[in-house]
Amino acid sequence: MKTTRVLAASLMALGLSLTAAKAADGHSPNPPRENWSFAGVFGKFDKAQLQRGFQVYREVCANCHSMTLVRFRNLAEPGGPGFTAAQVKALAAEYKVSELNDNGEQVERPARPADAWPSPFPNEKAAAAANGGKAPPDFSVLAKARTYERGFPLFVVDAMPFVGYSEQGVDYIHALLNGYEDPPAGTEVPAGANYNKYYDGHLIAMAKPLSDGQVTYAKGENGEPVVPETVDQYSRDVSAFMAWAAEPHLEARKALGFRVILFLIVLSGLLYYVKKKVWADVGGEVHGLQPELHKAG
Amino acid sequence: MSAHGTAYVPKSGLAKWFESRLPLVGLVHSSFVSFPVPRNLNYFWTFGAILIMMLGVQIATGIWLAMHYDPSANAAFNSVEHIMRDVNYGWLLRYMHANGASMFFVAVYIHIFRGLYYGSYKAPREVLYILGVIIYLLMMATAFLGYTLPWGQMSYWGATVITNILAAIPIVGDTIQSLLWGGYSVGSPTLNRFFSLHYLLPFMIVGVVVLHVWALHVTGQNNPTGIPIKSGKDVVAFTPYATIKDVFAAAVFMIFFAYWIFYQPNYLGHADNYVPANPGVTPKHIVPEWYFLPFYAILRAVPDKLGGVILMFGAVLILAFAPWLDTSRVRSSNYRPIYRQFFWLFVIVCIILGWLGAKPPEGGYVIASQICTAYYFAHFLLVMPLVGLFETPNRLPGSILESVTGPGKQVDSGSGMPVGAAAAPPSKG
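Chains as they are written, first to last, in our numbering: chain A, 47 to 343; chain B, 139 to 567.
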């Protein structure tokens, strides 16, 4: 384990030196790699983090970004933020959804756990019109829809067990939310655009969405905040939440995978010894075959 | 098919009644139980069985996915996400199917390169080999059609690029393109057609696989020495010997397969395909799946569209001519000191082409693609014919048994064969 880490680190250093040239010629820098609880073979979401991330999404991001594929009930399902069914029911009731009643009239009713997360705009055109011509992307699978290129040889390392890496999208989102800075001298930032270090081309329509202290997290038992109320923490939490939204069965997948692979390794081991046993009696003469019977034609 | 090894003898009255009307059990018995298998096969020979397993996995998961999938432009993307989120173990089915396609190609590439290395394409296995090339072509078509179904950005733009390529075919190109599109651009009718064809082609693959296996059981398997079976001492019975070896290898392959499904399910795909198809926004780089990259590099190596298309299809079709392009009488590259080096060079060139296919078509990448493309064709058109003429092969072992037990233990290689059979062209082995 330790040697693989060392090997990975040295390969990474090699990769960084190889990709340094790329960064120098004006492309956006690669997002820093963060530690995520859900990374790796035994990865699991941090429920408290998902709840905080959901809070950030709900209070800040959801004003512009839809999340149509996530339903209220998902928030109470195993492997997710771990809200109770009652909490989700109460949460859903705070929202209104419209439907046709039996008389064919459009009516509003309180949302139920089975309803999809309500979108901030009635349709994509309205979302685009309210946001400078382009609709803000839907959050449902966004963490899987974003990535960045790691280049050779890192992309080979990324595929490997234990040193593998599949959180590029989450890291990118976290980096992007922390990537707002003053443009370098000489860079024109047109109206309606904002400078972001990690965004491709650097000019992003979304204004800096998070600032320190913007979201008030629940306090711990001693009345002190459990985590800092900073942009870095908010972005970390909401990125983790988006990773869950994009892959709600991640925990089940990794847990099942471990059992499946363990089973297959044992099975292969047993089959290997059966194969050895079967082949052990293959001497000069062959069993079960009469040579004169397998003539040509 | 001729009698192989111990023949099947029905025992019960019902079995006798059935066998005298349709000798199905006898056919299966002669093909998968008593079929003589060279005793020196290495693990590269297990990939045939692995491929059959993968075909089964793809068809089984595909049938289940089709029960939940909606092939219309408005609903396809969300129906795939519905499978991922709401269908019980839908995420497993879908990741098995998506990664299964990649594993299918991993196995088929090993299978093809094994055949090329050991000269399995040479007489008397030309038809067997060409059937394999046809399966490979059908696999490529099926995989391409399947990749369009999630209707993400890469699905949509991949379909656009490939259907535009077909339009370059003289005279009939436009007609083919309109037929595939079902309109004036890639859209919902295209997706419907692709889904229908994606469901059809695997069953055509099954048909050709049956012919492939049939042809195999007429000519018999090649083996690492490339020399034909000369006596019963060179072979073992398919069951239990090859069966247990194939099952073991398939289990090991399943570990590899499971790793991708459970721990890197999206590594072999593209992030862009999680963005719903949008005809108004072109992705920065339109890149096919990894298994098409060498051919994509060949396509883009040529500045002329039609020329690129001809070379791309030619790169696949030229495989079918290998039996006649290779002039060497020795099958296995183990005994071909010069050709063996060219073989590995060819493998490296294919991998470099794959890497180039993932790079943008500009500057040095294009030049490198052109050099590699030239070498790809030169391997078939120059290396194969010329090396065979000028190379002096190493001494071949006297028999398969001798290659296993060593030359000290000479065996009577003529035993069990009719006198004329040894001199006749090998119809077996």
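Note that the Cβ used here is the ideal one computed from N, Cα and C, for glycine as well.
Whether residue i touches residue j by CB criterion (9 Å)
{"i": "B/LEU318", "j": "B/ALA214", "result": "no"}
{"i": "B/PHE481", "j": "B/TYR233", "result": "no"}
{"i": "B/ASP410", "j": "A/ALA191", "result": "yes"}
{"i": "A/VAL87", "j": "B/TYR227", "result": "no"}
{"i": "A/VAL235", "j": "A/LEU249", "result": "yes"}
{"i": "A/SER251", "j": "A/GLY197", "result": "Checking the sequence shown, residue 251 of chain A turns out to be Ala, not Ser. No."}
{"i": "A/ALA138", "j": "A/ALA157", "result": "yes"}
{"i": "A/GLU80", "j": "A/ARG282", "result": "yes"}
{"i": "B/TRP229", "j": "A/ARG299", "result": "yes"}
{"i": "B/VAL425", "j": "B/ALA496", "result": "yes"}
{"i": "B/ILE221", "j": "B/PHE391", "result": "no"}
{"i": "A/PHE84", "j": "A/GLY126", "result": "no"}
{"i": "B/SER169", "j": "B/ALA145", "result": "no"}
{"i": "A/PHE287", "j": "A/GLN95", "result": "yes"}
{"i": "B/ILE393", "j": "A/SER112", "result": "no"}
{"i": "A/GLY215", "j": "A/THR193", "result": "yes"}
{"i": "B/ILE382", "j": "A/TRP325", "result": "yes"}
{"i": "A/THR114", "j": "A/ALA175", "result": "no"}
{"i": "A/ASP217", "j": "A/PRO78", "result": "yes"}
{"i": "B/ARG252", "j": "B/PHE185", "result": "yes"}
The alpha helix (DSSP H) enclosing residue i, as first and last residue numbers
{"i": "B/PRO475", "result": "475 to 495"}
{"i": "A/GLN279", "result": "277 to 292"}
{"i": "B/VAL348", "result": "326 to 357"}
{"i": "B/ALA506", "result": "502 to 516"}
{"i": "B/ILE456", "result": "Run containing B/ILE456: none; DSSP gives neither H nor E here."}
{"i": "B/ASP384", "result": "381 to 401"}
{"i": "B/GLN196", "result": "185 to 204"}
The beta strand (DSSP E) enclosing residue i, as first and last residue numbers
{"i": "B/ALA375", "result": "373 to 375"}
{"i": "A/LEU146", "result": "142 to 146"}
{"i": "A/GLN152", "result": "152 to 156"}
{"i": "B/VAL425", "result": "No beta strand (DSSP E) holds B/VAL425; DSSP gives it neither H nor E."}
{"i": "B/PRO174", "result": "174 to 176"}
Close-in-space but distant-in-sequence residues of the same chain around residue i (CB under 6 Å, 5 per side omitted)
{"i": "A/GLU105", "result": "VAL261"}
{"i": "A/ALA70", "result": "For A/ALA70, the predicted model reports a pLDDT of 42, less than 50, meaning its position is unreliable; a value from the coordinates is still stated below. Closer than 6 Å at the Cβ level, and outside the excluded window around A/ALA70, lies no residue."}
{"i": "A/GLN133", "result": "none"}
{"i": "B/ILE436", "result": "LEU449, MET450, ALA453, THR511"}
{"i": "A/ALA292", "result": "VAL187, ALA189, LYS190"}
{"i": "B/SER466", "result": "GLY526"}
{"i": "A/ALA131", "result": "ALA122"}
{"i": "B/ILE268", "result": "ALA458"}
{"i": "B/SER258", "result": "ASN360"}
{"i": "B/PRO522", "result": "Before going on, a small fix: residue 522 of chain B reads as Met here, not Pro. So the list reads LEU463, ASP464, once near-sequence residues are dropped."}
Own chain partners of residue i with C-beta closer than 7 Å, once the 5 adjacent residues on each side are dropped
{"i": "A/PRO124", "result": "none"}
{"i": "A/VAL332", "result": "Low per-residue confidence applies at A/VAL332: pLDDT is 46, beneath 50, and the placement is therefore not dependable enough to give any value."}
{"i": "A/LEU222", "result": "ASN242, TYR244, TYR245"}
{"i": "B/PHE333", "result": "PRO209, LEU287"}
{"i": "B/ALA305", "result": "GLY311, ASP312, GLN315"}
Contact set for residue i: own chain, Cβ-Cβ below 8 Å, skip 5 residues either direction
{"i": "B/LYS149", "result": "none"}
{"i": "B/SER293", "result": "TYR285, THR286, LEU287, ASN411, ALA415"}
{"i": "B/MET205", "result": "none"}
{"i": "B/GLU157", "result": "TYR146, PRO148, VAL163, GLY164"}
(request) With 7 Å as the C-beta to C-beta threshold (strictly closer), list the residues of the region 154 to 169 of chain B near chain A in chain order. (result) Cβ contacts with chain A come from no residue of the region 154 to 169 of chain B.
(request) Answer yes if the region 334 to 351 of chain B comes into contact with the region 185 to 193 of chain B, meaning at least three C-beta pairs across the two stretches below 8 Å, and no otherwise. (result) Yes: at least three Cβ pairs fall under 8 Å.
(message) Please list, in chain order, the residues of the region 516 to 537 of chain B that have any C-beta partner in chain A closer than 8 Å.
(response) Residues: none.
(request) Examine the Cβ distances between the region 526 to 538 of chain B and the region 360 to 376 of chain B and report whether three or more of them are shorter than 8 Å. (result) Flag = yes, the region 526 to 538 of chain B and the region 360 to 376 of chain B touch.
(request) Taking a Cβ distance cut-off of 8 Å, strictly less, list which residues of the region 199 to 218 of chain B are near chain A, in chain order. (result) Residues of the region 199 to 218 of chain B with a C-beta atom less than 8 Å from some C-beta of chain A are ASN216, listed in chain order.
(request) Give a yes or no on contact between the region 401 to 418 of chain B and the region 269 to 280 of chain B, applying the rule of three or more CB pairs nearer than 8 Å. (result) When Cβ pairs closer than 8 Å are counted between the two stretches, the region 401 to 418 of chain B is seen not to touch the region 269 to 280 of chain B, the count staying below three.
(request) Would you list, in chain order, the members of the region 392 to 407 of chain B that have their beta-carbon closer than 8 Å to a beta-carbon of chain A? (result) Going along the region 392 to 407 of chain B in chain order, one finds MET392, ILE393, ALA396, TYR397, ILE399, PHE400, TYR401, GLN402, PRO403, ASN404, TYR405 with a Cβ nearer than 8 Å to chain A.
(message) Output needed in chain order: residues of the region 196 to 210 of chain A with a Cβ under 8 Å from some Cβ in chain B.
(response) Listed by position, the residues of the region 196 to 210 of chain A near chain B (Cβ gap below 8 Å) are PHE198, ASP204, ALA205, PRO207, GLY210.
(message) At a CB distance below 7 Å, what residues from the region 222 to 250 of chain B approach chain A? Give them in sequence order.
(response) Those would be ARG223, TRP229, in chain order.
(message) I'd like to know if the region 360 to 367 of chain B and the region 169 to 179 of chain B are in contact, where contact means that at least 3 CB-CB pairs between them fall below 8 Å.
(response) With the cut-off at 8 Å, the region 360 to 367 of chain B and the region 169 to 179 of chain B touch.
(request) Quick one: which residues of the region 291 to 308 of chain A get their C-beta closer than 7 Å to a C-beta of chain B? List them in chain order. (result) Residues passing the 7 Å Cβ filter: PRO294, HIS295, ARG299, LYS300, LEU302, GLY303, VAL306, ILE307.
(request) Evaluate the contact criterion for the region 224 to 231 of chain A versus the region 439 to 449 of chain B: three or more CB pairs, one atom per stretch, below 8 Å. (result) Taking 8 Å as the limit for Cβ pairs, the verdict is that the region 439 to 449 of chain B does not touch the region 224 to 231 of chain A.
(message) Give me the subset of the region 372 to 388 of chain B whose CB atoms are less than 7 Å from a CB atom of chain A, sorted by chain position.
(response) Taken in chain order, the members of the region 372 to 388 of chain B whose beta-carbon sits within less than 7 Å of a beta-carbon on chain A are VAL373, VAL374, ALA375, PRO378, TYR379, ILE382, LYS383, VAL385, PHE386.
(request) Please confirm if the region 233 to 249 of chain B is in contact with the region 303 to 319 of chain A, defined as three or more CB-CB distances below 8 Å between the two stretches. (result) Fewer than three pairs of CB atoms, one per stretch, sit closer than 8 Å, so the region 233 to 249 of chain B makes no contact with the region 303 to 319 of chain A.
(request) Taking only beta carbons into account, state which residues of the region 314 to 331 of chain A come closer than 8 Å to chain B, listed in chain order. (result) Across the region 314 to 331 of chain A, CB contacts with chain B closer than 8 Å involve SER314, LEU317, TYR318, VAL320, LYS321, VAL324, TRP325, VAL328, GLY330, GLU331, in sequence order along the chain.
(message) Residues of the region 444 to 467 of chain B in Cβ contact with chain A at a cutoff of 9 Å, in chain order, please.
(response) Here the close residues number zero.
(message) If the cut-off is 9 Å on Cβ atoms, which residues from the region 95 to 115 of chain A count as contacting chain B, listed in chain order?
(response) So the list reads THR114, LEU115, given in the order they occur along the chain.
(request) Can you give me, in chain order, the residues of the region 130 to 161 of chain A that have a beta carbon less than 8 Å from any beta carbon in chain B? (result) Residues: none.
(request) Residues of the region 175 to 196 of chain B with a CB closer than 7 Å to any CB of chain A: list them in chain order, please. (result) Of all residues in the region 175 to 196 of chain B, those with a C-beta nearer than 7 Å to a C-beta of chain A are ARG177, reading in chain order.
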